[in-house]
Amino acid sequence: MAKPLISDILKEVNKISTRADRIKYLQEHDCTALRDILRIALDDTIKLALPDGNPPYKAYDLEAKQVDAPKHLRFEYPLFGNFIPAVTPKLNQFKREQLFVEMLQRIHPDEAVLLCAAKDKNLSLKYVTKAIVKSAFPGLIKQ
1 MAKPLISDIL KEVNKISTRA DRIKYLQEHD CTALRDILRI ALDDTIKLAL PDGNPPYKAY
61 DLEAKQVDAP KHLRFEYPLF GNFIPAVTPK LNQFKREQLF VEMLQRIHPD EAVLLCAAKD
121 KNLSLKYVTK AIVKSAFPGL IKQ
């Protein structure tokens, strides 16, 4: 069975009615990409070296008959280090932004929207909060 998109996991968490069930659902779908997205979005100590707002990119067209399916964010997360200055201090800013746009164009459109929202610390999911994430994954969020 195919694993769900990170964006679908977070949308589903937002629909769950009880706090305990939200925590349980997050823990059941635990993966490095999910943790990284939550940390980028909710941890104030994580600052990406990318401009605010959505960059100009051509979203992956799901309707077009393309040879390759869109990539899942869960397989692209190792590239997140390119967007953190402390991890890649010598990376040119233009190249950093270019890598980000290329990633957005390669991944599923829903996940591209999620990644941009996480970058801007604006998930807009009412029930995906720091408190829920801290309970689900202790130690993940520092501030």
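Heads up: the sequence shown runs through residues 1 to 143, numbered per our numbering. Beta carbons: idealized from backbone N, C-alpha and C, even for Gly.
Buried or exposed by the 16-neighbour rule on C-beta atoms within 10 Å, applied to residue i
i	result
Pro70	buried
Arg19	exposed
Ala131	exposed
Asn122	exposed
Ser17	exposed
Asp147	Residue 147 lies beyond the range of the chain shown here (1 to 143); nothing can be said about it.
Ala86	exposed
Ser7	buried
Lys95	exposed
Lys119	buried
Cβ distance (whole Å) where residue i is taken to contact residue j below 8 angstroms
i	j	result
Leu5	Leu73	7 angstroms
Met50	Phe83	According to the sequence provided, residue 50 is Leu. The question's Met does not apply to it. Their Cβ separation, rounded to whole angstroms, is 6 angstroms, which keeps Leu50 and Phe83 in contact under 8 angstroms.
Tyr60	Ile107	7 angstroms
Val133	Leu48	About 18 angstroms; that fails the 8 angstroms criterion.
Val113	Pro55	In fact, because the Cβ distance is near 12 angstroms, the residues do not count as touching under 8 angstroms.
Residues bridged to residue i [DSSP beta-bridge criterion]
i	result
Ile107	Lys71
Three-way DSSP call (helix, strand, coil) for residue i in this model
i	result
Thr32	helix
Leu79	helix
Leu91	coil
Val13	helix
Tyr60	coil
Tyr127	coil
Phe100	helix
Ala117	helix
Ile46	coil
Residue i CB to nearest heavy atom of the ligand COA below 7 angstroms
i	result
Leu115	This structure simply doesn't include the ligand COA, nor any ligand for that matter.
Alpha-carbon to alpha-carbon, residue j and residue i
i	j	result
Ala64	Ile37	28 angstroms
Phe140	Leu91	The sequence shown places Leu at residue 140, rather than the Phe named in the question. Cα-Cα distance, rounded: 26 angstroms.
Gln105	Pro138	33 angstroms
Tyr57	Val13	28 angstroms
Arg39	Thr129	11 angstroms
Gln27	Lys142	18 angstroms
Ile9	Gln93	31 angstroms
Thr45	Val67	40 angstroms
Leu62	Lys3	18 angstroms
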